[in-house]
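Asker: Residue numbers (this note's numbering): 1 to 234. Cβ atoms here follow ideal geometry from the backbone N, Cα and C, with glycine treated the same way. Since this is a predicted model, take the numbers as computed values, not measurements. Attaching a single structure in structure tokens format; questions to follow.
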Ligand code: SAM
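Spelled out as structure tokens, the structure:
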């Protein structure tokens, strides 16, 4: 089960939101440990350069392998007894899904490599793919291009950390939700939710939810989940 997360970035300040809400509480409760590492700390020139021009020409700059190698090795050395799963954020990676988050929560140690510019020299991925005690995954959070991997890392961390036992107060919340509910065709999205008041701006809560009849409520919710899922596909 993951409880150690390390992030390598040129913008450590991006990760201030990790102090808030569920993740902040999980940190304080000792359910997870998080390290944020500045890639520029691994550079030796006065400018803290982490990029260079691409071989073969073309627009933009590519992140150099050397500072990445040093930063990843340092994080691995600080956690010598763990198997490291290096997550390289890239729009060219496998797409994040709830199933992938459920798989990643089983990893002992996740290291996130946040790219910038045109991305990280591919030899970083290639090298750690065959390094002892390492697994590498290239992950995308969707078919669009962000300016950097920081936001993508926050998304993936939140999707994983809420699955760690004890992070969410009521574990039942995790079974009755979108992309976790299933039918024979795959996953469903959740049924619509209502709370008080019973009527708001002329809109009433469906009678069945007020009936106290648990079987009927479950049936209604299932039908609604199927309908919403069907509508998404159309
Ligand atoms: N040149 C790259 C390409 O066309 O695939 C895009 C580089 S992007 C401007 C800079 C960095 O943002 C990437 O290295 C990656 O870390 C991050 N990034 C951008 N879009 C992403 C996405 N959809 N999912 C995950 N990371 C993304």
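Within 10 angstroms of the Cβ of residue 121, are there 16 or more other Cβ atoms? Answer buried if so, exposed if not.
Answerer: When all chains shown are included, residue 121 counts as buried.
Asker: Kindly indicate the opening and closing residues of the beta strand (DSSP E) around residue 37.
Answerer: Start and end: 33-38.
Asker: Compute the distance between the beta-carbons of residue 53 and residue 63, then report whether it is under 8 Å.
Answerer: No, Cβ-Cβ distance for residue 53 and residue 63 is not below 8 Å.
Asker: Have a look at 187, 188, 209 and flag the residue whose alpha-carbon is nearest the alpha-carbon of residue 196.
Answerer: Ranking the options by Cα distance to residue 196, first place goes to 209.
Asker: Using the C-alpha atoms, what's the distance from residue 92 back to residue 5?
Answerer: Their Cα atoms are separated by approximately 22 Å.
Asker: Indicate whether the contact test is met: 3 or more Cβ pairs, each with one atom in the stretch 171-189 and one in the stretch 121-141, closer than 8 Å.
Answerer: Flag = no, the stretch 171-189 and the stretch 121-141 do not touch.
Asker: Do the stretch 64-76 and the stretch 154-163 meet, that is, are 3 or more Cβ pairs less than 8 Å apart?
Answerer: With a cut-off of 8 Å, the stretch 154-163 and the stretch 64-76 do not count as touching, because too few Cβ pairs lie within range.
Asker: In chain order, what residues of the same chain lie with their CB nearer than 8 Å to the CB of residue 180, ignoring the 5 residues before and after it?
Answerer: Taken in chain order, the residues that qualify are 98, 174, 187.
Asker: On the CB-based measure, 16 or more other CB atoms within 10 Å of its CB, does residue 55 come out buried or exposed?
Answerer: Residue 55 comes out exposed.
Asker: Under 8 Å by Cβ, that's how I've got residue 128 and residue 86 pegged, so tell me the actual separation to the nearest angstrom.
Answerer: Residue 128 to residue 86, Cβ: 5 Å. Contact.
Asker: Using 7 Å as the cut-off, classify the Cβ of residue 140 as near or not near the heavy atoms of ligand 1, replying yes or no.
Answerer: At least one heavy atom of ligand 1 is nearer than 7 Å to the Cβ of residue 140, so yes.
Asker: Would you grab the beta carbon distance between residue 19 and residue 88 for me? Rounded to a whole angstrom, and I think it's under 8 Å.
Answerer: No, residue 19 and residue 88 are not in contact; Cβ-Cβ is about 25 Å, not under 8 Å.
Asker: Express the C-alpha separation of residue 167 and residue 38 in angstroms, rounding to a whole number.
Answerer: Cα to Cα, residue 38 sits roughly 27 Å from residue 167.
Asker: Taking 7 Å as the cut-off, is the beta-carbon of residue 117 closer than that to any non-hydrogen atom of ligand 2?
Answerer: Ligand 2 is absent from the structure shown, which contains only ligand 1.
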